[in-house]
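K.L.:
There are 2 protein chains.
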Amino acid sequence: MAKPERGDSSARRRPGSTDVARLAGVSQKTVSRVLNDEPYVKEEVRLRVQAAMRELGYRRNDAARALNSGRTKRIGVVCLGTALFGPSTQLVAVERALRTTGYSVTIVNTLEGDTIADAVEHLLEQGVDGIILSEPIDEGDGVPIETDLPVLSFGRLPGLSAKPSLVTGGDNLGAGRTATEHLLGLGHRTVWHVAGPQRWWAAQDRLAGWRQALAAAGAPEPPVLEGDWLPASGYAAGRELAANPDVTAIFVANDDMAIGVLRALAEAGRSVPGDVSVVGFDDIPSAAFLTPPLTTVPQDFDIHVDRGIANLVTEIESPTGDRSPLPEPPPLRLVVRHSTAAPRPAG
Amino acid sequence: MAKPERGDSSARRRPGSTDVARLAGVSQKTVSRVLNDEPYVKEEVRLRVQAAMRELGYRRNDAARALNSGRTKRIGVVCLGTALFGPSTQLVAVERALRTTGYSVTIVNTLEGDTIADAVEHLLEQGVDGIILSEPIDEGDGVPIETDLPVLSFGRLPGLSAKPSLVTGGDNLGAGRTATEHLLGLGHRTVWHVAGPQRWWAAQDRLAGWRQALAAAGAPEPPVLEGDWLPASGYAAGRELAANPDVTAIFVANDDMAIGVLRALAEAGRSVPGDVSVVGFDDIPSAAFLTPPLTTVPQDFDIHVDRGIANLVTEIESPTGDRSPLPEPPPLRLVVRHSTAAPRPAG
DNA sequence: TGACGTTCTGACTACGTAGACACATTCTGA
DNA sequence: TCAGAATGTGTCTACGTAGTCAGAACGTCA
């Protein structure tokens, strides 16, 4: 009488372990034992219970389990720009890696107006067991995350104030340096840079790597052009660069923008790599099939994601246990295709 | 004594509404009222409770709420190929659309070896309130989903046996026809097709549209080449086509493969659109910046997603309420760029 | 045979929230 | 002034699961 029947005769409520127990002629607790593969259940009983489960179409109620145990077996992922190649590839890798661990994935995108803290708050309410920040961006002040939950960040995140925090991700700085050094090594006097949006740490780091390489080589540092990761912004930057005859080498912060740059150069009649060399970043699947095939720096998501996830899960399940050291970045590679060459001899 | 303290003094358990109530000097129920913005709470009390919440860092426990109410306010999304442009764009749209409705999103990717039914089962255990199938593929037999939950499918899904099911998505068939008609209209004798993997309904439909258009025009139907959505497979198909002098027009089932086709044609010395015209599908951001800029068919995800989600939420919250009719597909567009032209006059 | 250990099972209960309901207080109108 | 409505608050309880513990059924060894 305290509460009306949940659903009437037509749409009766989902069966619970109690219903299974009744049908199998055992106690609810025994059903729970079968459900969790606990020992000390007679084989005959186990089979009877499983049959009852099938008959009723029983499914465990995770909400109840979570309430009781305090753990949801769910990880929250805070995403940004999931439509882009890097973030979406990473998200897939995360889902795949978590799959084998028995955790499921709840995602929140930070869209316009949201801060990372908002997104995290949303996840905390849902009772996730851990949090992943995928490609966090620079929000000015730090990221005040008030939780004792383990937090894994893909990508540098200064100011992350959560206690048990793990950070991993590719070496954007080293990669930016490598790309730039490649161009300098071909004999270019200097290298121009089309940067990603500077709110992204990854974009900041690639730029910093470019700057370091120029400084180390004593090359002059041309002004930076900033895009938004998309081809159109690369095209806009490319038009500026194409108009400048001094430009012979460009490091573009991702392949999509590089496509725009290539287009702008082609329209301006400047040949690649004859007049201008271009290096991209990401090695998107189409990079090898562009005109010309693009020299670029591949990102190795799987390695970082797998190890990051492994550490996160360890941290969740045994907060005391010390975890394997974070992965040292894999050796940087540069895939040299046909968009880079030595500059034309002066004259 | 029945259960040990959850966490010792060092890491004490999360505060519950009871703790807030004690601090604010009210009953737990009143805290619940404040939490849910229910009426009949004195302003002064409301403020006191909110202050107590802040002081304790209280966060509602969604597991308990779900257990009590039978609803989780969570939607499960079954994804496939999330790294591809279409699916990932769609996922972002889904998350954005659900955001405003107060539902959160749990994703499951169907990877190798998983069936859609497996993925759905996983979601049902978690107690989602509704299910979205994003770009489902053809698994041979139907999709036996045993649930009364509303199911929304983006993309045709014959054999979907769930009761309250909604289907929406772009008109792949019409789009395939439009693309083909465009090429025929330019004067090409017939149009070749590089298809997507035929396990995908979207790929099947685009192919069927191509076939229809050819039949309607009385054009001969050349053999179909099948790719896997990725540029490399388009390149492989493109090499075959480039070697065949009869080929003057190609409809490629997505832009990424079209990039591979363009590359193969360029390497073979066949100019686009001089010798061969190419039409893609998707209008990925870089399509306008390829060499040459690609004529393609844009997909209108936002419209379908928004309406589909709206219907899904309606179905969840008032199963009786009849929903607005499903969206009629928006008018098909074809973005004509520079990869298509009339064939060279014979001879 | 009886003490003891191992295997198996059930009764009871907490988890945190919100629904049903009772009741107290204030306001409204005749 | 008092009935009756509107407003505000508390008590009790269910939701489905799994932890704790009591104890039954069975074996084993002295």
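One line per chain: the protein sequences are G and W, in this order.
The first sequence begins at 346 in the working numbering and counts up by one.
The second sequence begins at 346 in the working numbering and counts up by one.
Positions of the beta carbon are idealized from the N, C-alpha and C atoms, including for glycine.
Out of G:R608, G:H649, G:I604, which has the shortest C-alpha to C-alpha gap to I629 of chain G?
P.N.:
Counting from 1 along the first sequence, the entry for residue 629 of chain G is found at position 284. Ranking the options by Cα distance to I629 of chain G, first place goes to G:I604.
K.L.:
Using a C-beta to C-beta distance shorter than 7 Å, which residues of chain G count as neighbours of G361 of chain W?
P.N.:
The sequence position of residue 361 of chain W within the second sequence is 16, counting from 1. Within 7 Å Cβ-Cβ: nothing; G361 of chain W doesn't reach chain G, min ~11 Å.
K.L.:
Under 8 Å, do V597 of chain W and V539 of chain W count as touching if we go by C-beta distance?
P.N.:
Here the question's residue 597 of chain W lines up with position 252 in the second sequence. Here the question's residue 539 of chain W lines up with position 194 in the second sequence. Yes, these two residues count as a Cβ contact at 8 Å.
K.L.:
Is V422 of chain G helix, strand or coil when you go by DSSP?
P.N.:
Numbered from 1 along the first sequence, position 77 holds the residue referred to as residue 422 of chain G. Strand.
K.L.:
When you compare the region 383-401 of chain W with the region 444-459 of chain W, are there three or more beta-carbon pairs, one atom per stretch, that lie closer than 8 Å?
P.N.:
no
K.L.:
Give a yes or no on whether the minimum CB-CB distance between V423 of chain G and chain W is below 8 Å.
P.N.:
The sequence position of residue 423 of chain G within the first sequence is 78, counting from 1. By this cut-off, V423 of chain G is not an interface position.
K.L.:
Which same chain residues end up closer than 8 Å to S354 of chain G when comparing Cβ atoms and leaving out the 5 residues on each side of it in sequence?
P.N.:
Locating residue 354 of chain G in the first sequence gives position 9, where the first residue counts as 1. Any reading at S354 of chain G must be qualified, since the residue scores a pLDDT of 37, below 50, and its modelled position is unreliable; the value itself is stated next. If we look at S354 of chain G and ignore the five residues flanking it on each side, it has no Cβ neighbours.
K.L.:
How would you write the range of the alpha helix (DSSP H) that W574 of chain G sits in, first residue to last?
P.N.:
The count along the first sequence starts at 1 and reaches residue 574 of chain G at position 229. In the DSSP assignment, W574 of chain G falls outside any alpha helix (DSSP H) and carries neither an H nor an E.
K.L.:
State whether the region 428-446 of chain G contacts the region 461-475 of chain G, with contact taken as three or more CB pairs (one from each stretch) at a distance under 8 Å.
P.N.:
no
K.L.:
Where does Y385 of chain G land, buried or exposed, given buried means 16+ other C-beta within 10 angstroms?
P.N.:
Here residue 385 of chain G is taken as the residue at index 40 of the first sequence, counted from 1. By the neighbour-count rule (16 or more Cβ atoms within 10 Å), Y385 of chain G is not buried but exposed.
K.L.:
Compare the C-beta of F336 of chain W with all C-beta atoms of chain G and state if any pair is closer than 8 Å.
P.N.:
In the structure as shown, chain W starts at 346 and stops at 692, and residue 336 of chain W therefore has no counterpart that could be examined.
K.L.:
Show which residues of chain G have a CB atom less than 7 Å away from the CB atom of V450 of chain W.
P.N.:
Translated into the one-based positions of the second sequence, residue 450 of chain W becomes position 105. Chain-order list of chain G residues neighbouring V450 of chain W: T451, I452, by C-beta distance under 7 Å.
K.L.:
What number of angstroms, rounded off, separates the C-alpha of L531 of chain G from the C-alpha of A686 of chain G?
P.N.:
Position 186 of the first sequence, counting from 1, holds the residue named residue 531 of chain G. Position 341 of the first sequence, counting from 1, holds the residue named residue 686 of chain G. Across the structure, L531 of chain G and A686 of chain G are spaced so that their CA atoms are roughly 6 Å apart.
K.L.:
Would you give the residue range spanned by the beta strand (DSSP E) that V686 of chain W belongs to?
P.N.:
Within the second sequence, numbered from 1, the residue matching residue 686 of chain W stands at position 341. For clarity, residue 686 of chain W is Ala in the given sequence; the question names Val instead. First-last for A686 of chain W: undefined, no H or E at that position.
K.L.:
Does the CB of G605 of chain W have a neighbour CB from chain G at under 8 Å?
P.N.:
Taking the second sequence and counting its residues from 1, the one referred to as residue 605 of chain W is at position 260. Taking Cβ atoms only, chain G reaches closer than 8 Å to G605 of chain W, which makes this a yes.
K.L.:
Three or more C-beta pairs under 8 Å: does that hold for the region 561-568 of chain G against the region 518-536 of chain G?
P.N.:
Yes: the two stretches touch, three or more of their Cβ pairs being nearer than 8 Å.
K.L.:
In chain order, what residues of the same chain have a beta carbon less than 7 Å from the beta carbon of I661 of chain G, not counting five sequence neighbours either side?
P.N.:
On the first sequence, residue 661 of chain G is found 316 positions in, with the first residue counted as 1. Once the five neighbours on either side are set aside, the close Cβ partners of I661 of chain G are D474, G475, P495.
K.L.:
Among G:G554, G:H683, G:D645, which has the Cα closest to the Cα of S307 of chain G?
P.N.:
Any answer about residue 307 of chain G is impossible in this case: the structure gives chain G only from 346 up to 692.
K.L.:
Could you tell me which whole alpha helix (DSSP H) segments of length 4 or greater appear in the region 428-512 of chain W?
P.N.:
430-444, 461-470
K.L.:
Does N406 of chain G get closer than 8 Å to chain W when you measure Cβ to Cβ?
P.N.:
Position 61 of the first sequence, counted from the first residue, corresponds to residue 406 of chain G. With 8 Å as the cut-off, N406 of chain G counts as an interface residue toward chain W.
K.L.:
Just to confirm the assignment, what range does the beta strand (DSSP E) spanning G625 of chain W have?
P.N.:
The sequence position of residue 625 of chain W within the second sequence is 280, counting from 1. Looking at the DSSP string, the run of the beta strand (DSSP E) that includes G625 of chain W is 622-627.
K.L.:
Hey, V606 of chain G and G583 of chain G: beta-carbon distance below 8 Å or not?
P.N.:
Within the first sequence, the letter at position 261 stands for residue 606 of chain G. Within the first sequence, the letter at position 238 stands for residue 583 of chain G. Closer than 8 Å, so yes.
K.L.:
Less than 8 Å between CB atoms is the rule here; does D601 of chain W satisfy it with respect to chain G?
P.N.:
Working through the second sequence from its first residue, we reach residue 601 of chain W at position 256. Closer than 8 Å to some Cβ of chain G, the Cβ of D601 of chain W qualifies, so yes.
K.L.:
Check the C-beta distance from R551 of chain W over to Y580 of chain W and give it rounded, since I have them as a contact under 8 Å.
P.N.:
What you label residue 551 of chain W is simply residue 206 of the second sequence in a count that begins at 1. What you label residue 580 of chain W is simply residue 235 of the second sequence in a count that begins at 1. Wrong, their Cβ atoms sit about 19 Å apart, outside the cutoff.
K.L.:
P576 of chain W versus chain G: which residues are under 8 Å apart at the beta carbon?
P.N.:
Within the second sequence, numbered from 1, the residue matching residue 576 of chain W stands at position 231. Chain order gives the chain G residues near P576 of chain W as P630, S631, A633, F634, where near means a beta carbon separation below 8 Å.
K.L.:
DSSP on H533 of chain G, reduced to helix/strand/coil?
P.N.:
Taking the first residue of the first sequence as position 1, residue 533 of chain G is located at position 188. Three-state result, H533 of chain G: coil.
K.L.:
By DSSP, does T641 of chain W sit in helix, in strand, or in coil?
P.N.:
Mapped onto the second sequence, residue 641 of chain W falls at position 296. Strand at T641 of chain W.
K.L.:
Grouping DSSP H, G and I as helix and E and B as strand, with all else coil, what is A594 of chain G?
P.N.:
In the first sequence, residue 594 of chain G corresponds to position 249, counting from 1. DSSP places A594 of chain G in strand when its eight states are reduced to three.
K.L.:
Can you check whether the C-beta of S433 of chain G is within less than 8 Å of a C-beta belonging to chain W?
P.N.:
Numbered from 1 along the first sequence, position 88 holds the residue referred to as residue 433 of chain G. Cβ-Cβ to chain W under 8 Å: yes for S433 of chain G.
K.L.:
Between which residues of its own chain and P567 of chain G is the CB-CB distance below 7 Å, once the five residues before and five after are set aside?
P.N.:
For the purposes of this step, residue 567 of chain G is identified with residue 222 of the first sequence, where counting begins at 1. Hits under 7 Å: T535, W537.
K.L.:
What is the DSSP secondary structure of A564 of chain G, reduced to helix, strand or coil?
P.N.:
Position 219 of the first sequence holds residue 564 of chain G. Here DSSP, grouped into helix, strand and coil, assigns A564 of chain G to coil.
K.L.:
Give the secondary structure of V658 of chain W by DSSP, where H, G and I count as helix, E and B as strand, and everything else as coil.
P.N.:
The residue labelled residue 658 of chain W in the question sits at position 313 within the second sequence. Reduced to three states, the DSSP call for V658 of chain W is helix.
K.L.:
Return the Cβ separation of F626 of chain W and D600 of chain W in integer angstroms, given the expectation that the two are a contact with Cβ distance under 8 Å.
P.N.:
For the purposes of this step, residue 626 of chain W is identified with residue 281 of the second sequence, where counting begins at 1. For the purposes of this step, residue 600 of chain W is identified with residue 255 of the second sequence, where counting begins at 1. By a beta-carbon distance limit of 8 Å, F626 of chain W contacts D600 of chain W. Their separation comes to about 6 Å.
K.L.:
When the Cα atoms are used, what is the spatial distance from S372 of chain W to D364 of chain W?
P.N.:
Against the second sequence, residue 372 of chain W aligns to sequence position 27. Against the second sequence, residue 364 of chain W aligns to sequence position 19. Computed Cα separation, rounded: 10 Å.
K.L.:
What number of angstroms, rounded off, separates the C-alpha of G421 of chain W from the C-alpha of S631 of chain G?
P.N.:
For this step, residue 421 of chain W is matched to residue 76 along the second sequence. For this step, residue 631 of chain G is matched to residue 286 along the first sequence. In a straight line, the C-alpha of G421 of chain W is about 31 Å away from that of S631 of chain G.
K.L.:
Starting from S616 of chain W and walking both ways along the alpha helix (DSSP H), at which residues does that stretch end?
P.N.:
Position 271 of the second sequence, counted from the first residue, corresponds to residue 616 of chain W. Element bounds for S616 of chain W: n/a, residue is neither H nor E.
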